[in-house]
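For what it's worth, the numbering used here labels the leading residue of the sequence shown as 256, then goes sequentially. From the three backbone atoms N, C-alpha and C, an ideal C-beta is built for every residue, glycine too.
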Amino acid sequence: MSVKERTVDFLDLKKLVRDIPDFPKEGIVFKDITPLLKDRLAFQQVVNHFTSIFKSEKIDQVVGIESRGFILSAVLAYQLGAGFVPVRKQGKLPSTTESVIYQLEYGTDILEVHQDAIQKGDRVVVVDDLLATGGTCDATIQLVERLGGKIIGLAFLIELSFLNGRARLQKYPLHSLIQY
Ligand code: AMP
Numbered sequence: 256m257s258v259k260e261r262t263v264d265f266l267d268l269k270k271l272v273r274d275i276p277d278f279p280k281e282g283i284v285f286k287d288i289t290p291l292l293k294d295r296l297a298f299q300q301v302v303n304h305f306t307s308i309f310k311s312e313k314i315d316q317v318v319g320i321e322s323r324g325f326i327l328s329a330v331l332a333y334q335l336g337a338g339f340v341p342v343r344k345q346g347k348l349p350s351t352t353e354s355v356i357y358q359l360e361y362g363t364d365i366l367e368v369h370q371d372a373i374q375k376g377d378r379v380v381v382v383d384d385l386l387a388t389g390g391t392c393d394a395t396i397q398l399v400e401r402l403g404g405k406i407i408g409l410a411f412l413i414e415l416s417f418l419n420g421r422a423r424l425q426k427y428p429l430h431s432l433i434q435y
């Protein structure tokens, strides 16, 4: 089949996610999305999927979570005619920031957003590559809401359902394309 004729269905997308055992540390099976991203049709399908979900929602800002979340969020922002806002690890953003401490499996981490990135009443979508326990997204939501943004939805390429991050984020419409 030629590349043009091929359509990418759900199963194909899942096949394009590569499991890397024990990365970045022992016991973690890292979901590597680079094979999916380099497949032009798969990439298009993913972007089109999330665009169709949010296109009638008058989104003001798409918030991307560092770093793999930036890839889809920036493209989605473009597609929706919205702005793009990065949420980054501590110390990466150059201007005045709002920050939040959140719990990791071992220890804590800090996420930041520029204080002027979101205006009161902005309609916001939060995007990341993968939902695991939901801690990262929960912390990001706190940042958005502190600045007065309204969460319209959460979008993830991959959801690790067995970790039940969805339960933690149940107040918000949550969309994921590939589930394990
Ligand atoms: P969590 O806060 O537990 O929902 O973790 C989600 C964040 O950690 C996302 O930014 C993911 O990119 C990253 N992450 C967690 N687990 C994995 C995994 N198995 N493979 C790839 N990324 C992961």
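Check	Outcome
Whether or not the segment 356-369 and the segment 297-308 are in contact is what I'm after, with contact meaning three or more pairs of Cβ atoms, one per stretch, closer than 8 Å; do they touch?	no
Figure out for me which residue from 293, 318 and 267 has the closest Cα to the Cα of residue 400.	318
Express the C-alpha separation of residue 382 and residue 327 in angstroms, rounding to a whole number.	7 Å
Just to confirm before moving on: does the CB-CB distance between residue 378 and residue 314 stay below 8 Å?	yes
Where does residue 360 sit, in a helix, a strand or coil, going by DSSP?	coil
Does the Cβ-Cβ distance between residue 359 and residue 390 come in under 8 Å?	yes
I'd like the span of the beta strand (DSSP E) that includes residue 384, first residue to last.	378-386
Can you pull every residue whose C-beta falls closer than 7 Å to some heavy atom of the ligand AMP, listed in chain order?	283, 284, 285, 286, 320, 323, 324, 383, 384, 385, 386, 387, 388, 389, 390, 391, 392, 415, 418 and 420
Where in the segment 291-350 do unbroken runs of the alpha helix (DSSP H), each at least 4 residues long, occur, reported from the N-terminal end onward?	295-309 and 324-335
How big is the Cα-Cα spacing for residue 412 and residue 422?	17 Å
Please report the straight-line C-alpha distance between residue 275 and residue 293, rounded to a whole angstrom.	17 Å
On a Cα-Cα basis, can you pick out the residue from 415, 406 and 393 that is closest to residue 424?	393
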